[in-house]
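A short write-up of the structure that comes next.
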Amino acid sequence: MQLHEEAEPVQPFAIKMLTTEDRVRDHYLARFTDLTSQQLGMPYSYVTFIADDKQYVKSHDSLLPAETPVEEAFCRLTVEQGALLICEDTLEDSRFNHLRYVVEAPHFRFYAGIPLYGRDGTILGSLCVADLVPRQLTDIQQDVLAKIAQLVEAYLDARHAVGLFDAVTLLPNRQHLIEDLNTLPREDGRTGLVLIDCLNLSYTYQMACALGMVAVENQLKDLTQLLQTQLPLQDATLYCVALGRFALYLPEERLHGLLEVLDGDAENLHTRMSKHVRVTVQCHAGVTWFRGGDDAQETLRRAVSALHDAINYRQPLCLYDSFTDQIKKDDFQLLNDLGRQLAQGPGLHLVYQPKLSLHDGTITGVEALLRWNHPVLGEVSPARFIPLAEKTTLMPAISDWVINQAIQQLANWRQQNIALPLSVNISVSDLGRANFADRLIAALARHGLSPQDIELECLETERLLEMPEAMGCLSQLRKLGMRLFLDDFGSGYSNLNYLQQVPLDVIKLDRSLLKDITCSQVSCVIVRHLILMLKELSYQVVAEGVEDQTTAGMLQSLGCDEIQGFWFARPLSPEDLIHFICNHSAQDMLQQLDQQQS
Ligand code: C2E
Ligand code: CA
Ligand code: CA
1 MQLHEEAEPV QPFAIKMLTT EDRVRDHYLA RFTDLTSQQL GMPYSYVTFI ADDKQYVKSH
61 DSLLPAETPV EEAFCRLTVE QGALLICEDT LEDSRFNHLR YVVEAPHFRF YAGIPLYGRD
121 GTILGSLCVA DLVPRQLTDI QQDVLAKIAQ LVEAYLDARH AVGLFDAVTL LPNRQHLIED
181 LNTLPREDGR TGLVLIDCLN LSYTYQMACA LGMVAVENQL KDLTQLLQTQ LPLQDATLYC
241 VALGRFALYL PEERLHGLLE VLDGDAENLH TRMSKHVRVT VQCHAGVTWF RGGDDAQETL
301 RRAVSALHDA INYRQPLCLY DSFTDQIKKD DFQLLNDLGR QLAQGPGLHL VYQPKLSLHD
361 GTITGVEALL RWNHPVLGEV SPARFIPLAE KTTLMPAISD WVINQAIQQL ANWRQQNIAL
421 PLSVNISVSD LGRANFADRL IAALARHGLS PQDIELECLE TERLLEMPEA MGCLSQLRKL
481 GMRLFLDDFG SGYSNLNYLQ QVPLDVIKLD RSLLKDITCS QVSCVIVRHL ILMLKELSYQ
541 VVAEGVEDQT TAGMLQSLGC DEIQGFWFAR PLSPEDLIHF ICNHSAQDML QQLDQQQS
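And the structure:
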């Protein structure tokens, strides 16, 4: 790869690697310098690298400090000469006689150094010998020094190659890609970096469990071959940047063919799982455009962002989109802020939304809903941050905070003779936590409360069924008399078969089901039959998100037990809730609903 004349000077990767800490490498370099000393009968031998205007000295028996400014280094002269440099007496040589380690201890009088070349032809440093008395090097000794220098070069090359290639696919790896991107010339046209993801990770882990890592490695080797033979890669290098994740880059005008193939279906790609079984490969790809000289890490990050869009939206190919990228960044920032907020305390609080009985007009309970007053963004909806937190370890901390807060509030209301049950939203993963049920019951007991005082609302029956611990927890709590709610029923896909297998008391019909029942015959028929069916299965039915009296009246006539929504009450602060309860009249409420019916 050629460096463009105007490009910023880029420090060769090999030199960067050499100046980083590597005990094993330095141990073997010391062996090489021991060998050099022995073979040449020299008291001192060392290896140097030059980078960042410094000389780094690598050898155990060197008298020199580990780092010295490059102006003081003999080695600089060797690098400048680009070939073996011998100084038989430093005091007699004007290039040397003023240098620090001639004038000061160790007062070197003899020096010979030979450059060490990297694979790309750059000089990395030098292999040096020195003595405190003037000397000469015979032709044979010079030859020995040159041969040992070659061995050192080969060793360094091999050692760094190990870190730059993927051991299974033998392709250059992510570090290699970054390095190559960093040294791309600044040219007029755009280049596309393509990331291709070919493995379903959870399936791969299952395969590793069942068949062992060899099966996975076979698959990775197959994938490599498959991509190399079936994709129009032109002469682009294929990199392996993570497990089952590949990368390549090409100038825009040569990339279109590949993008077309990646955007089409890749169903005829198969890899072997074992001798007889083959697996169909589903590829996703992300592309970002960049120019030589752009920040390589940022370019790769954008390609990863595009790839994740493709995976999340189940698209074969996605282009980097700064809009979705910004959302992801904001989400990440939000999660960080939320973590900090949980540790600090204030900023989070609960509001309480009452539920109304359509049978007798009484308030049947309240639901606790989390609120977050973000210092910069203001009120952030739980609909935004809860789904994010659910993918992280923040969720248990949030649920603990909510439950703790809710129990304290309940105890407070009991003292004021308000005896309504309080429902709390929890995530399925909470139910799977060790001793969740025992801890909840104990926390209630500490405040003189019983399991009937609190209710749990949760989503996702399917996930519950996959978690025996969560199912056990629900059964335990239900046996103790706690009522369990299924939230958001009818939003998306609700499997009725699963429903019956989960211990539940109350089903909350999602707002999306109800919002059109007053104007759509079809909606009305669906809701009527749903309520009928759920009632026949002995569930209590609560309708959520009821915003007007007409809908409330209609739900009453359809046999729905309770409603919740802005029409009856918005989520309220604890003080407003007390005020609301005190002013509530069941009689008035029934009358309002009756008016609706007539
Ligand atoms: P959800 O449990 O289904 O709660 C009902 C949501 O609908 C609440 O939104 C509520 O403010 C809103 N809502 C109530 N009545 C109406 C109405 O008439 N019309 C409309 N359009 N909306 C209404 P909110 O408080 O923003 O909460 C959103 C979701 O966040 C909740 O949905 C729940 O899934 C989750 N969430 C809230 N608090 C917590 C919590 O403490 N823990 C957990 N795990 N999730 C929570
Ligand atoms: Ca809820
Ligand atoms: Ca809901």
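Its first residue numbered 1, the sequence shown is counted upward by one per residue in the UniProt record's numbering. Note that the Cβ used here is the ideal one computed from N, Cα and C, for glycine as well.
Residue i, DSSP secondary structure in three states
{"i": "S202", "result": "helix"}
{"i": "G286", "result": "strand"}
{"i": "E217", "result": "helix"}
{"i": "V10", "result": "Bear in mind that the predicted position of V10 carries a pLDDT of just 38, short of 50, making it too unreliable to give a figure here."}
{"i": "P421", "result": "coil"}
{"i": "L317", "result": "strand"}
{"i": "I50", "result": "strand"}
{"i": "K515", "result": "coil"}
{"i": "L170", "result": "coil"}
{"i": "A154", "result": "helix"}
{"i": "D295", "result": "coil"}
{"i": "F332", "result": "helix"}
{"i": "E547", "result": "coil"}
{"i": "residue 624", "result": "Residue 624 lies beyond the range of the chain shown here (1 to 598); nothing can be said about it."}
{"i": "K479", "result": "helix"}
{"i": "Q556", "result": "helix"}
{"i": "N497", "result": "helix"}
{"i": "I403", "result": "helix"}
{"i": "N373", "result": "strand"}
{"i": "H176", "result": "helix"}
{"i": "Q141", "result": "helix"}
{"i": "A247", "result": "strand"}
Sub-8 Å separation of residue i and residue j beta-carbons
{"i": "L307", "j": "V366", "result": "no"}
{"i": "L193", "j": "L300", "result": "yes"}
{"i": "L496", "j": "V541", "result": "no"}
{"i": "Y44", "j": "L18", "result": "no"}
{"i": "A30", "j": "Q55", "result": "no"}
{"i": "A445", "j": "C473", "result": "no"}
{"i": "Q353", "j": "R570", "result": "yes"}
{"i": "L317", "j": "D263", "result": "yes"}
{"i": "D453", "j": "L504", "result": "no"}
{"i": "L530", "j": "G490", "result": "yes"}
{"i": "F110", "j": "P134", "result": "yes"}
{"i": "residue 655", "j": "I563", "result": "In the structure as shown, the chain begins at 1 and stops at 598. Residue 655 is therefore absent and cannot be evaluated."}
{"i": "I441", "j": "L480", "result": "yes"}
{"i": "V304", "j": "G286", "result": "yes"}
{"i": "L233", "j": "L195", "result": "no"}
{"i": "N312", "j": "G347", "result": "no"}
{"i": "A406", "j": "I398", "result": "no"}
{"i": "residue 599", "j": "L181", "result": "Here the chain comprises residues numbered 1 to 598, so residue 599 is not present and cannot be evaluated."}
{"i": "residue 630", "j": "P396", "result": "In the structure displayed, the chain extends from 1 to 598; residue 630 sits before or after that span and is not available."}
Rounded straight-line distance, which links the Cα of residue j to that of residue i
{"i": "V351", "j": "R463", "result": "28 Å"}
{"i": "L577", "j": "G565", "result": "14 Å"}
{"i": "S429", "j": "L484", "result": "15 Å"}
{"i": "R174", "j": "C240", "result": "7 Å"}
{"i": "L394", "j": "A383", "result": "15 Å"}
{"i": "L532", "j": "M482", "result": "24 Å"}
{"i": "I140", "j": "Q150", "result": "15 Å"}
{"i": "P375", "j": "D157", "result": "53 Å"}
{"i": "R340", "j": "G545", "result": "32 Å"}
{"i": "I581", "j": "T550", "result": "23 Å"}
{"i": "T122", "j": "L99", "result": "25 Å"}
{"i": "S381", "j": "N404", "result": "20 Å"}
{"i": "G41", "j": "K147", "result": "16 Å"}
{"i": "C128", "j": "L177", "result": "33 Å"}
{"i": "Q38", "j": "S126", "result": "18 Å"}
{"i": "G244", "j": "K221", "result": "10 Å"}
{"i": "L593", "j": "H584", "result": "14 Å"}
{"i": "A154", "j": "E88", "result": "28 Å"}
{"i": "M207", "j": "L226", "result": "20 Å"}
{"i": "Q142", "j": "L124", "result": "20 Å"}
{"i": "A310", "j": "C458", "result": "30 Å"}
Check: residue i C-beta below 7 Å from any heavy atom of ligand 4
{"i": "G565", "result": "Ligand 4 is not part of this structure, which contains only ligand 1, ligand 2 and ligand 3."}
Contact the region 164-180 vs the region 70-90: 3+ CB pairs below 8 Å: In this structure the region 164-180 does not touch the region 70-90; the number of beta carbon pairs closer than 8 Å is below three.
Meets three-Cβ-pair contact criterion under 8 Å: the region 68-81 and the region 36-52: Contact between the region 68-81 and the region 36-52 is present, because at least three Cβ pairs lie under 8 Å.
Three or more C-beta pairs below 8 Å linking the region 208-215 and the region 315-329: Contact between the region 208-215 and the region 315-329 is absent, because fewer than three Cβ pairs lie under 8 Å.
Those residues, in chain order, that have a beta-carbon closer than 7 Å to some heavy atom of ligand 3: By the rule of a C-beta closer than 7 Å to any heavy atom of ligand 3, the residues picked out are D487, D488, K508, D510 and E544.
Contact the region 515-532 vs the region 547-558: 3+ CB pairs below 8 Å: Between the region 515-532 and the region 547-558, the count of Cβ pairs shorter than 8 Å is three or higher; the stretches touch.
At least three beta-carbon pairs within less than 8 Å, the region 241-257 to the region 177-197: The region 241-257 makes contact with the region 177-197; the number of CB pairs closer than 8 Å reaches 3 or more.
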